[in-house]
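First residue of the sequence shown: 1, per UniProt numbering; consecutive thereafter. Structure, as structure tokens:
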Amino acid sequence: MMEKKAKIVKMWWKSCPEVNELLKTKISVQQFMIIVILFTVGTSILIYPASVAAEAKQDAWITAILTTGIGLLFIWLFSALGSIVPHLTLIEMCMKLLGKWLGTIAAIIFISFFYYSTAALLFYIGNFLTTQMMPDTPMITPIILYLSILALGVYLGIETFARFAEVVFPIVILLLLILFLSSSPQFEFQNFLPVFEVGIKPIIRGGILIFINSFLMPITLLTIFPSHLNQTKQGRKAFIMGVFIGGIILDIIIVISILVLGDYITSIEMYPSYVLAQKINIGNFFQRIEAIMAIIWFITIYIKMFIYFYGTVVGLANMLKLRDYKPIVLPVGLTLVPFSLLMYPDVTYMQKWESTSWVPYALTIGIFLPLLLLGAAVFRKYILKENLQN
């Protein structure tokens with residue numbers, strides 16, 4: 001039985017495109033799990049308590065728990081897809097499993113999505129800094145500075161990035177603990193009442209955006225999972241556990257926002273968890289620690305943005321059959337500056353687009369295409385096994 005499995009894997013390997021230099025870079029399972037945790041937290045920690053509370057009101061905590069449970073099922077699907085073809089990146093899966101024409105279309109859809117997401121996160125950074133911290137600064141300034149750091153990180157490679165994530169992870173956890181503990185004196189548990197007042201439909205609607213961004217967008221991690229891991233089998237468990245831990249962190253943030261701010265203030269603020277940190281006051285001495293939330297967000301959004309940008313340039317390198325993605329990091333990065341500034345005319349347009357057009361687009365990326373790839377992978381593996389047995 002083991003010999004047959006070995007033959008199948010060997011035939012898969014031989015039937016794939018020539019292994020490029022990218023597959024020589026490896027990261028540990030622990031590093032990968034840390035990346036997954038920070039990626040899952042991403043932008044959601046600062047933005048999405050508002051979208052959940054706007055629909056589910058005081059029942060936002062129920063939405064958060066349900067979303068995490070359902071989201072883990074899709075993470076299992078993504079990990080299963082990666083485990084079937086462990087030596088291929090996401091774009092290589094498209095080209096290999098779906099054929100030349102359909103595979104090219106799917107690859108272009110993924111790459112354009114990665115590119116768009118990178119630009120969108122740059123817009124978030126610029127908008128946050130210019131509205132909350134540096135109102136007199138032009139938006140282009142923080143965008144260029146952040147993009148420079150991002151491009152440098154991608155150029156240095158996934159191994160350097162993984163070590164960076166490993167270093168900053170304890171800092172993020174420590175800052176989160178400080179935020180949680182210092183906000184506890186202001187908890188108002190009556191903010192949870194009455195339970196189930198809004199009904200089941202608002203509870204479900206409230207979880208759509210956080211479900212998409214935290215539990216469907218990890219499909220992007222297939223650009224490094226499991227092809228860049230030194231232990232493929234353990235990597236699948238790390239993938240699921242990383243998303244679970246990240247989901248728990250988001251659930252706690254949403255719960256604390258409701259307990260301290262109430263559902264109304266949480267729903268009307270664009271950055272409710274940032275406002276939450278501003279309201280912390282212990283003995284008129286330890287107060288206004290919003291810088292802690294800002295630091296956490298800068299780190300987690302960098303992790304998420306790195307994966308998107310890395311997926312963009314590596315995907316282009318795969319499609320163009322380049323052995324190294326580094327020569328295209330700078331030219332692709334330069335196009336992100338004008339695109340991030342022009343993609344949203346204003347914040348109102350961004351919020352409307354994300355609540356309407358973004359949803360079917362993201363569902364295509366996070367559900368339809370992964371199911372198509374998984375079906376093609378299982379079918380091809382079955383046909384290959386039948387040929388070996390005959």
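For glycine and all other residues, C-beta sits at the position ideal for the given N, C-alpha and C.
**OP:** Taking only the alpha-carbon atoms, compute the straight-line gap between Phe180 and Arg380 and give it to the nearest angstrom.
**Re:** 49 Å
Original post:
What residues in its chain sit with their C-beta under 7 Å from that of Phe114, if we drop five residues either side in the sequence?
Top reply: Thr220, Tyr308, Gly311, Thr312 and Gly315
**OP:** Spell out whether any CB of chain D is found under 9 Å from the CB atom of Phe192.
**Re:** Among the protein chains of the structure shown there is no chain D, as only one such chain exists.
Original post:
Looking only at C-alpha atoms, which of Thr63, Pro185, Pro272 and Asn281 sits nearest to Ile203?
Top reply: Thr63
Subject >> Rounded separation between Tyr264 and Leu193 - CA only >> reply: 13 Å
**OP:** Just tell me which of Ala362, Val378, Leu374 and Ala377 has its CA closest to the CA of Leu109.
**Re:** Checking the sequence shown, residue 109 turns out to be Ile, not Leu. Among Ala362, Val378, Leu374 and Ala377, the Cα nearest to that of Ile109 belongs to Ala362.
Subject >> Contact set for Lys5: own chain, Cβ-Cβ below 6 Å, skip 5 residues either direction >> reply: Summary for Lys5: the model assigns pLDDT 49, below 50, so the residue's position carries little reliability; its value from the coordinates is reported in the next sentence. The answer is none, since no qualifying residue turns up.
Original post:
In this structure, does DSSP put Ile280 in helix, strand or coil?
Top reply: coil
Subject >> the stretch 35-51 touching the stretch 242-253, judged by at least three CB pairs closer than 8 Å >> reply: yes
Original post:
Which residues bound the alpha helix (DSSP H) around Gly71?
Top reply: Ala60 to Ile84
**OP:** With a cut-off of 8 Å on the beta carbons, I'd call Leu222 and Leu90 a contact; round off their distance for me.
**Re:** 4 Å
Original post:
Quick one: Cα of Val85 to Cα of Pro226, how far?
Top reply: 9 Å
**OP:** Pick out the complete alpha helix (DSSP H) segments inside the stretch 129-192, 4 residues or longer, and give them in chain order.
**Re:** 140-156 and 158-183
Original post:
What does a CB cutoff of less than 8 Å around Ile299 pick up in its chain, not counting 5 residues either side in sequence?
Top reply: Leu38, Val168, Ile171 and Val172
**OP:** Return the bridge partner residues of Leu229 from the DSSP annotation.
**Re:** Ile27
Original post:
Pick from Asn284, Leu229, Val347 and Leu330: whose alpha carbon is nearest that of Leu147?
Top reply: Leu330
Original post:
Assuming Ala238 and Val29 make a contact with CB atoms under 8 Å, what is their CB distance in whole Å?
Top reply: 5 Å
Original post:
Taking DSSP as the reference, what is the three-state secondary structure of Phe286?
Top reply: strand
Original post:
In whole angstroms, what separates the C-alpha of Ile268 from that of Tyr116?
Top reply: 26 Å
Original post:
Can you tell which of Leu372, Glu55, Phe187 and Thr348 has its C-alpha closest to the C-alpha of Val198?
Top reply: Glu55
Original post:
Is Ile35 near Ile224, with beta carbons less than 9 Å apart?
Top reply: yes
Subject >> Expected contact under 8 Å - CB spacing of Leu177 and Ala377 to nearest Å >> reply: With a Cβ gap of about 41 Å, Leu177 and Ala377 do not count as contacting.
Subject >> Anticipated Cβ contact below 8 Å, Phe368 with Gly235, distance rounded >> reply: About 25 Å; that fails the 8 Å criterion.
Subject >> Helix, strand or coil at Gly99 [DSSP, three-state] >> reply: coil
Original post:
Under the rule that 16 or more other beta-carbon atoms within 10 Å means buried, what is Thr348, buried or exposed?
Top reply: exposed
**OP:** Note the first and the last residue of the continuous alpha helix (DSSP H) segment covering Val222.
**Re:** The sequence as given places Leu at residue 222; Val does not occur at that position. Run containing Leu222: none; DSSP gives neither H nor E here.
Original post:
Assuming Ile65 contacts Pro218 under a Cβ cut-off of 8 Å, what Cβ separation, rounded to an integer in Å, is found between them?
Top reply: The Cβ separation is near 19 Å, so there is no contact.
Original post:
In terms of residue numbering, what span does the alpha helix (DSSP H) encompassing Ile210 cover?
Top reply: Ile208 to Phe211
**OP:** For Pro194, name the three-state secondary structure that DSSP assigns.
**Re:** coil
Subject >> Residue environment, Lys57, which counts as buried when at least 16 other CB atoms sit within 10 Å >> reply: buried
**OP:** Measure from the alpha carbon of Pro360 to the alpha carbon of each residue in Ile212, Leu88 and Ser83, then state which is nearest.
**Re:** Ile212
Original post:
Any idea what DSSP makes of Lys321, helix, strand or coil?
Top reply: coil
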